[in-house]
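Asker: Supplied in structure tokens, the structure appears directly below.
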Amino acid sequence: MKIKDLVILIGIIGIVLMMVIPIPTPLLDVLLIINISAAIMILLIGMNTQNALEFSIFPAILLITTLFRLALSVSTTRSILANADGGKVIDTFGAFVAGGQIAIGFVVFLILVVVQFIVITKGSERVAEVAARFTLDAMPGKQMSIDADLNAGLINEQQARDRRQKIEREADFYGAMDGASKFVKGDAIASIIILIINLLGGFVIGMAIHGMPFGEALSKYSILTIGDGLVSQIPALLISTSAGLMVTRAASEGNLAYDLTTQVFRYPKLLYIVAGTISMLGIFTPIGPMATLPFAALLVFAGWKMSGALTKRQQEEEQMEEEQQIEEVRSPESVISLLQVDPIEFEFGYGLIPLADTQQGGDLLDRIIMIRRQCALELGLVVPVIRIRDNIQLKPNEYVIKIKGNTVARGDLLLNHYLAMSPGFDDDAIVGIETSEPAFGLPALWIDENMKERAELSGYTVVDPPSVVATHLTEVIKKHAHELLGRQEAKALVENLKESYPALVDELIPSILSIGDIQKVLVKLLREKISIRDMVTIFETLADHGPYTKDADVLTEYVRQALSRQITHQFSSGADPLRVITVGPTLEKKIAESVQQSEQGSYLALDPVSSQQIYQRLNEQVNKQIQSGQQPIVLASPTIRMYLRQIVERMMQDIPVLSYSELEPNVEVQSVGVVNL
Numbered sequence: 013m014k015i016k017d018l019v020i021l022i023g024i025i026g027i028v029l030m031m032v033i034p035i036p037t038p039l040l041d042v043l044l045i046i047n048i049s050a051a052i053m054i055l056l057i058g059m060n061t062q063n064a065l066e067f068s069i070f071p072a073i074l075l076i077t078t079l080f081r082l083a084l085s086v087s088t089t090r091s092i093l094a095n096a097d098g099g100k101v102i103d104t105f106g107a108f109v110a111g112g113q114i115a116i117g118f119v120v121f122l123i124l125v126v127v128q129f130i131v132i133t134k135g136s137e138r139v140a141e142v143a144a145r146f147t148l149d150a151m152p153g154k155q156m157s158i159d160a161d162l163n164a165g166l167i168n169e170q171q172a173r174d175r176r177q178k179i180e181r182e183a184d185f186y187g188a189m190d191g192a193s194k195f196v197k198g199d200a201i202a203s204i205i206i207l208i209i210n211l212l213g214g215f216v217i218g219m220a221i222h223g224m225p226f227g228e229a230l231s232k233y234s235i236l237t238i239g240d241g242l243v244s245q246i247p248a249l250l251i252s253t254s255a256g257l258m259v260t261r262a263a264s265e266g267n268l269a270y271d272l273t274t275q276v277f278r279y280p281k282l283l284y285i286v287a288g289t290i291s292m293l294g295i296f297t298p299i300g301p302m303a304t305l306p307f308a309a310l311l312v313f314a315g316w317k318m319s320g321a322l323t324k325r326q327q328e329e330e331q332m333e334e335e336q337q338i339e340e341v342r343s344p345e346s347v348i349s350l351l352q353v354d355p356i357e358f359e360f361g362y363g364l365i366p367l368a369d370t371q372q373g374g375d376l377l378d379r380i381i382m383i384r385r386q387c388a389l390e391l392g393l394v395v396p397v398i399r400i401r402d403n404i405q406l407k408p409n410e411y412v413i414k415i416k417g418n419t420v421a422r423g424d425l426l427l428n429h430y431l432a433m434s435p436g437f438d439d440d441a442i443v444g445i446e447t448s449e450p451a452f453g454l455p456a457l458w459i460d461e462n463m464k465e466r467a468e469l470s471g472y473t474v475v476d477p478p479s480v481v482a483t484h485l486t487e488v489i490k491k492h493a494h495e496l497l498g499r500q501e502a503k504a505l506v507e508n509l510k511e512s513y514p515a516l517v518d519e520l521i522p523s524i525l526s527i528g529d530i531q532k533v534l535v536k537l538l539r540e541k542i543s544i545r546d547m548v549t550i551f552e553t554l555a556d557h558g559p560y561t562k563d564a565d566v567l568t569e570y571v572r573q574a575l576s577r578q579i580t581h582q583f584s585s586g587a588d589p590l591r592v593i594t595v596g597p598t599l600e601k602k603i604a605e606s607v608q609q610s611e612q613g614s615y616l617a618l619d620p621v622s623s624q625q626i627y628q629r630l631n632e633q634v635n636k637q638i639q640s641g642q643q644p645i646v647l648a649s650p651t652i653r654m655y656l657r658q659i660v661e662r663m664m665q666d667i668p669v670l671s672y673s674e675l676e677p678n679v680e681v682q683s684v685g686v687v688n689l
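Residue numbers for the sequence shown follow our numbering, beginning at 13 and rising by one.
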């Protein structure tokens, strides 16, 4: 055992022995001074802590000091009753504080007890109880927040462990304070009882044992009792105040003095209002200006000095911030920040600033939130944060959409107009500025407010500029969703699934497939606009077929077949038959014969002439479908579907290619064209 541990152990045992062993009055004086000093020290520590956990030992100290104070009360009571002497400290407090008036001493003591028992102790007890309850209730939410930050890569394992430990310590601290506050409350009650015992017992013992007259016994023991009570209650009041300070400290940036100077005196202009109120109180009431005007002048002077100090501090902060920015630009590490590429960027000219400015009625930020929700529901993808900024290099009404720093789409808007798209026949009465709808390239007109109602009556589809941008941005995200899903994003999806299906994830990763293998399959699904929201089915399929093959193309085909109900519902309306373009036997045979096997997997080795013929035949059937107003869908056998898709996506990326195994048996399929060589 270390020396300091032994000293503390002996000190605790000594406190207990004080209750049964008589203590000489000189030593009693020293112990009383130690008690007062400890109370002052605890109060100062409580004022200088920034948060409660910096003084987490306080509940234990509160118990020890309460026990020490009660032991002193027992020792002083024994000395007062046995020897009619409490030492110099008690005599001084009894005679000096009471000012020679016993009644005044009793009143002062009772006031201290009432303040401690009813005001400070009661309030501290309630705050500690509520804080403990709220801290325990908030623990699950805080734990989830830590897990979310850890999964997102914002913090590491050590930081997450430290945060969890801090939450547990907060709960333990406020729970301990809730119980420790009961000791202070009991100490106040015990002080009153000890006062009565000292007073009544002193009268009886002074007259019966020491032979004092009634007046002398009353005077002697009253002073000693009051002194003992004051010596006990002043440290108790200081420690109770410390307990109140500890449990009432909320989020702060410094100690109590710093918070007072930076928060309470943050508004110097309010001191002028207070000074004016005090001045009026002295002028219009019998108090008199002599009592109020000096203090009002002091408040005005303080407000003036604080205003100057506040202005100076703001200037210093601005200058320091500018110097810091200049220093960051000069430092070699500042180049690293330039390497960061935002996944999605939306840039616009200065004429479109009202779209994003909420003060001018812009709701683009709210629409982007809805776009991210829509993509999560339709694609099962968590879209990264979209960076929005203005770009003076663009035309005033122009905007561009970038994916990983590269422009993938652009458009023009007229804020005071509406985009009107024709229903198929044009109305000559509808006039406007000819343009193209940016998302789908349809011919449209920019019309003004006066033409809007007439266009709607004529069957035109009329949308406002924010809706045009939202539609365009949504389509761009869907088209490039596979580019937004990297290994880090795939890991986040896996961690989210693991919370509900830990056995499934543990079986698949990493013993069967790695995060990279799963990411490849998910990317291939998103490339063909297949939702990955049903992660359970996807992982179940990968767990079944992953032990036999690591080929991402083959695994994707297995997953697509497992998602047959979803794919059928995506492309079939239900009531009407599914109209498709089928692959003829000659084309199917040609593709099957062109498949080559290698160590890395299978690939399609088709000569350019055959590829061009396939594209021409397929293009003819697709154009027929488009002209009839139908969505072109190509249907092939499961063995060649992925190879046919490789041919189609080079020139007709938006044409879906399905296999027979991806359609439910109950769906009605109607062939509207056949592609043969």
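Virtual Cβ for every residue (Gly too), placed ideally from N, Cα, C.
Check residue 620 in the structure and name its three-state DSSP category.
Answerer: helix
Asker: Where does residue 687 land, buried or exposed, given buried means 16+ other C-beta within 10 angstroms?
Answerer: Its Cβ being crowded by 16 or more others within 10 Å, residue 687 is buried.
Asker: Using 10 angstroms around the beta-carbon of residue 309, count the other beta-carbons present and answer buried if the total reaches 16, otherwise exposed.
Answerer: Burial state of residue 309 is exposed, judged by a 10 Å Cβ sphere holding fewer than 16 other Cβ atoms.
Asker: DSSP three-state call for residue 291: helix, strand or coil?
Answerer: helix
Asker: List the residues that DSSP assigns as beta-bridge partners of residue 421.
Answerer: 413
Asker: Touch check for the region 430 to 441 and the region 374 to 387: three-plus C-beta pairs under 8 Å?
Answerer: Touching, no.
Asker: Roughly how many angstroms lie between the CA atoms of residue 359 and residue 317, to the nearest whole one?
Answerer: Between residue 359 and residue 317, the C-alpha separation is close to 46 Å.
Asker: Report, in whole angstroms, the separation of the C-beta atoms of residue 364 and residue 431, which I expect to be a contact under 8 Å.
Answerer: At roughly 14 Å, the Cβ-Cβ gap does not stay under 8 Å, so residue 364 and residue 431 are not in contact.
Asker: Helix, strand or coil for residue 360, going by three-state DSSP, please let me know.
Answerer: strand
Asker: Measure the Cβ-Cβ separation of residue 258 and residue 417 and say whether it is below 7 Å.
Answerer: no
Asker: On a CA-only basis, which of 561, 553 and 536 is nearest residue 516? Give me that one, please.
Answerer: 553
Asker: Locate the alpha helix (DSSP H) running through residue 87, then write down its first and last residues.
Answerer: 70 to 95
Asker: Answer yes or no: do residue 414 and residue 330 have a C-beta to C-beta separation smaller than 7 Å?
Answerer: no
Asker: Identify, in the order they occur along the chain, each residue of the same chain with its Cβ nearer than 7 Å to the Cβ of residue 520, setting aside the five sequence neighbours on each side.
Answerer: If we look at residue 520 and ignore the five residues flanking it on each side, its Cβ neighbours are 551, 554, 555 and 558.
Asker: Grab the span of the beta strand (DSSP E) containing residue 446 for me, first residue to last.
Answerer: 445 to 448
Asker: Reducing DSSP to helix, strand and coil, say where residue 40 ends up.
Answerer: Helix.
Asker: Quick check on residue 67: buried or exposed, where buried means 16 or more other Cβ atoms within 10 Å of its Cβ?
Answerer: buried
Asker: Which residue marks the beginning of the alpha helix (DSSP H) containing residue 565, and which one marks its end?
Answerer: Counted as a single uninterrupted DSSP element, the alpha helix (DSSP H) harbouring residue 565 occupies residues 564 to 574.
Asker: Where DSSP assigns a beta bridge to residue 670, which residues make up the other side?
Answerer: According to DSSP, which records beta bridges pairwise, residue 670 is partnered with 647.
Asker: Could you give the distance in angstroms between the alpha-carbon of residue 307 and the alpha-carbon of residue 292?
Answerer: As the crow flies, the alpha-carbon of residue 307 is around 12 Å from that of residue 292.
Asker: Can you tell me the Cβ-Cβ gap for residue 182 and residue 65, rounded? I've got them flagged as a contact below 8 Å.
Answerer: 7 Å
Asker: With three or more beta-carbon pairs closer than 8 Å as the criterion, would you say the region 30 to 47 touches the region 73 to 84?
Answerer: yes
Asker: Please work out which residues of its chain come closer than 6 Å, Cβ to Cβ, to residue 241, disregarding the five sequence neighbours upstream and downstream, and give them in chain order.
Answerer: 121 and 207
Asker: Check whether the region 501 to 517 and the region 397 to 405 are in contact - that is, three or more C-beta pairs closer than 8 Å.
Answerer: no
Asker: Just the C-alpha distance for residue 375 and residue 478, rounded to the nearest angstrom, thanks.
Answerer: 8 Å
Asker: Using 10 angstroms around the beta-carbon of residue 152, count the other beta-carbons present and answer buried if the total reaches 16, otherwise exposed.
Answerer: exposed
Asker: Just to check my reading of the structure: residue 545 and residue 494 have Cβ atoms closer than 8 Å, yes? What is that Cβ distance to the nearest angstrom?
Answerer: About 15 Å separates the two Cβ atoms, so there is no contact after all.
Asker: Short of 7 Å in beta carbon distance, which residues of its chain neighbour residue 158, apart from the five on each side in sequence? Order them along the chain.
Answerer: 172, 175 and 176
Asker: Mind checking whether residue 650 and residue 622 have CB atoms under 7 Å apart?
Answerer: no
Asker: By alpha-carbon positions, which one of 482, 231, 396 and 227 ends up nearest to residue 497?
Answerer: Closest option to residue 497, Cα to Cα, is 396.
Asker: Which residues does DSSP pair with residue 698 in a beta bridge?
Answerer: Given that the chain is displayed from residue 13 to residue 689, the structure contains no residue 698 and the question cannot be resolved.
Asker: Report yes or no: do the region 480 to 491 and the region 445 to 452 share at least 3 C-beta pairs separated by less than 8 Å?
Answerer: yes
Asker: Pairing CB atoms from the region 87 to 105 with CB atoms from the region 238 to 256, are three or more of them under 8 Å?
Answerer: yes
Asker: Between which two residues does the alpha helix (DSSP H) containing residue 483 stretch?
Answerer: 477 to 491
Asker: Inspect the beta-carbon positions of residue 600 and residue 652 and report whether they are closer than 7 Å.
Answerer: Contact annotation: residue 600 and residue 652 have beta-carbon atoms nearer than 7 Å.
Asker: Suppose contacts are defined by Cβ-Cβ distances below 7 Å. Is residue 617 in contact with residue 606 by that definition?
Answerer: yes
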